[in-house]
Amino acid sequence: MPHYYFHVFNDEITLDEEGKELPDLDAARQYAIENARALICDVVQQGHLNLGHRVEITDDQDDRLMTVTFREAVTIIG
Amino acid sequence: MQTSSHTLAPLVQKLSLHAPLHADDEAAVLALPYTEKQLEPGHVVVREGDRPTHSCLVASGFAMRHKTTGNGGRQIVNIHMAGDMVDLQNSLLTIADHNVQALTAMKAAFIPREAIVDLAFSRPAVGKALWLETLIEGSISREWIMNLGRRQAATRIAHLLCEFAFRLDAVGIGPECNYELPMTQEQIADATGMTQIHANRSLKTLETMGLTKVSRRSVAITDLPKLAEFGDFQSTYLHLPPSRAAGVPALSTVIWPGRIILACLVITQG
Chain A
969 MPHYYFHVFN
979 DEITLDEEGK
989 ELPDLDAARQ
999 YAIENARALI
1009 CDVVQQGHLN
1019 LGHRVEITDD
1029 QDDRLMTVTF
1039 REAVTIIG
Chain B
44 MQTSSHTLAP
54 LVQKLSLHAP
64 LHADDEAAVL
74 ALPYTEKQLE
84 PGHVVVREGD
94 RPTHSCLVAS
104 GFAMRHKTTG
114 NGGRQIVNIH
124 MAGDMVDLQN
134 SLLTIADHNV
144 QALTAMKAAF
154 IPREAIVDLA
164 FSRPAVGKAL
174 WLETLIEGSI
184 SREWIMNLGR
194 RQAATRIAHL
204 LCEFAFRLDA
214 VGIGPECNYE
224 LPMTQEQIAD
234 ATGMTQIHAN
244 RSLKTLETMG
254 LTKVSRRSVA
264 ITDLPKLAEF
274 GDFQSTYLHL
284 PPSRAAGVPA
294 LSTVIWPGRI
304 ILACLVITQG
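Listed in order, the protein sequences are those of chains A and B.
So the working numbering is basically just the index in the first sequence, starting at one, shifted up by 968.
So the working numbering is basically just the index in the second sequence, starting at one, shifted up by 43.
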């Protein structure tokens, strides 16, 4: 299975050196969304949220494959 | 008696933590029958639902205990280190209620459950020491529930790192510093009830605060007293003997006299 890395760009840049093996990029995107939601929960509890913050997915070659913003990770209504 | 090189010596050391064992008791522990095995990282020692015939001592290396939800989510419920009996409850309970797995390469001693029960009941001092171990393990579990239920993400990880520092110190591993505790981000996440990326981000928070130093696949505590303060960590629940439980500031002076910044706990992926 390919190895994907998930770098977080929110109040800090947190590079992922460990990564995770997932079947394909669709699975990586879903994984990024689930993790973005967890990150969102954390900052919302602290009373703020920037929907432009993002998780970037790269491959073994450090090539950027996809960006998932916090905005994409949740459905916002109201 | 040449206890130090004996495979069961870490068990004697652990059981002597609260009250020194009489020489006869010590000899009886060392005389327990056992089978020694070298386990690879990830080796499953006990599966939930098993009916174990032996209890497992960690002679060296690390083990973890975990449970799995119906949809496959894993929660690590404890980490064990040299001297710990990882499944002492299996000496009396008939069915394993969780999984035990080697976290690192691990030297394990498998002791027949009957032998442990016989020893505990024939030698009260040993029985009391084993009983204490299970009580303290319960206390650690209560603290983990507290940690998971009521502390914020970065605080949870800070608390976990502090616990390891104290537990390693208690069995005589910590003072050497440069202690390696191989846990991946994913395992840290599974021990603290987070997602992997969230755990990584939380480790970053600790680094930004100057409490830990993160390099490639490693974390080193740079300021234990401050990490303990941030992690809401009080060592009381570990029930360390008085000489080991003098509090966080005292621990730092015991371990690192005159030294300003030192890696005391290193987490690597091995």
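We put the beta carbon where it would ideally sit given N, CA and C, even for glycine.
{"Item": "In angstroms, rounded to a whole number, what distance separates the CA positions of Ile240/B and Leu58/B?", "Value": "38 angstroms"}
{"Item": "Going by alpha carbons, who is nearest to Gln81/B out of Ser103/B, Ser182/B, Asp161/B and Leu136/B?", "Value": "Ser103/B"}
{"Item": "CB-CB under 6 angstroms to Thr111/B, same chain, minus the five flanking residues each way: which ones, in chain order?", "Value": "Arg117"}
{"Item": "Does Arg244/B come within less than 7 angstroms of chain A when only Cβ atoms are used?", "Value": "yes"}
{"Item": "Smallest Cα separation from Arg185/B: which of Pro285/B, Thr279/B and Leu51/B?", "Value": "Thr279/B"}
{"Item": "Can Pro225/B be considered in contact with the ligand HEM, in the sense that its beta carbon sits closer than 6 angstroms to one or more heavy atoms?", "Value": "The ligand HEM is absent from the structure shown, which contains no ligand whatsoever."}
{"Item": "Quick one: is Phe1038/A near chain B, going by C-beta distance under 7 angstroms?", "Value": "no"}
{"Item": "Could you say which of Ala242/B, Glu180/B and Pro53/B lies nearest to Leu131/B if we only look at CA atoms?", "Value": "Glu180/B"}
{"Item": "What number of angstroms, rounded off, separates the C-alpha of Val129/B from the C-alpha of Ser98/B?", "Value": "7 angstroms"}
{"Item": "Would you kindly work out how many angstroms separate the C-alpha atoms of Arg1039/A and Asn1018/A, rounded to a whole number?", "Value": "8 angstroms"}
{"Item": "If you draw a straight line from the alpha carbon of Pro84/B to that of Gly1046/A, how long is it in whole angstroms?", "Value": "50 angstroms"}
{"Item": "Anyone know if the C-beta pair for Ala158/B and Leu75/B falls short of 7 angstroms?", "Value": "yes"}
{"Item": "With DSSP as the reference, please indicate the residues paired to Gln277/B in a beta bridge.", "Value": "Partner(s): none; Gln277/B has no beta bridge."}
{"Item": "Starting from the Cα of Arg210/B, find the closest Cα among Val87/B, Met124/B, Phe276/B and Leu54/B and give me that residue.", "Value": "Met124/B"}
{"Item": "Glu229/B to Ala66/B, Cα distance in whole Å?", "Value": "43 angstroms"}
{"Item": "If distances are taken between C-alpha atoms only, which option among Thr198/B, Thr96/B, Gly170/B and Leu204/B comes closest to Thr265/B?", "Value": "Leu204/B"}
{"Item": "Which bits of chain A does Gln228/B rub up against, with CB to CB less than 7 angstroms?", "Value": "Glu986"}
{"Item": "Got a sec, what are the start and stop residues for the alpha helix (DSSP H) His282/B sits in?", "Value": "Neither: His282/B is in no alpha helix (DSSP H) and is coded neither H nor E."}
{"Item": "Rounded to whole angstroms, what is the Cα-Cα separation between Gly236/B and Leu191/B?", "Value": "6 angstroms"}
{"Item": "Taking the alpha-carbon positions, what's the Ile1008/A to Thr251/B distance?", "Value": "19 angstroms"}
{"Item": "Helix, strand or coil for Pro53/B per DSSP?", "Value": "helix"}
{"Item": "Scan the region 998 to 1032 of chain A for residues whose Cβ lies nearer than 9 angstroms to a Cβ of chain B and list them as they occur along the chain.", "Value": "Tyr999, Ala1000, Glu1002, Asn1003, Ala1004, Arg1005, Ala1006, Leu1007, Cys1009, Asp1010, Gln1013, Gln1014 and Val1023"}
{"Item": "According to DSSP, is Arg1032/A helix, strand or coil?", "Value": "strand"}
{"Item": "Expressed to the nearest angstrom, what Euclidean distance is found between the alpha-carbon atoms of Lys256/B and Val1036/A?", "Value": "28 angstroms"}
{"Item": "Would you call Ala263/B buried or exposed, if buried means 16 or more other Cβ atoms sit within 10 Å of its Cβ?", "Value": "buried"}
{"Item": "Distance check for Gly987/A and Leu1033/A, CA to CA, integer angstroms please.", "Value": "14 angstroms"}
{"Item": "Using beta carbons (cut-off 7 angstroms, strictly below), is Val1042/A in contact with chain B?", "Value": "no"}
{"Item": "For Pro53/B, count neighbouring C-beta atoms within 10 Å of its own C-beta (all shown protein chains included) and say buried if the count is 16 or more, exposed if not.", "Value": "buried"}
{"Item": "With a 10 Å radius around its C-beta and 16 neighbouring C-beta atoms as the bar for buried, classify Thr78/B as buried or exposed.", "Value": "exposed"}
{"Item": "Check whether chain B comes within 7 angstroms of Thr982/A, counting only Cβ atoms and requiring the distance to be less than that.", "Value": "yes"}
{"Item": "Can you tell me whether Pro167/B is helix, strand or coil according to DSSP?", "Value": "helix"}
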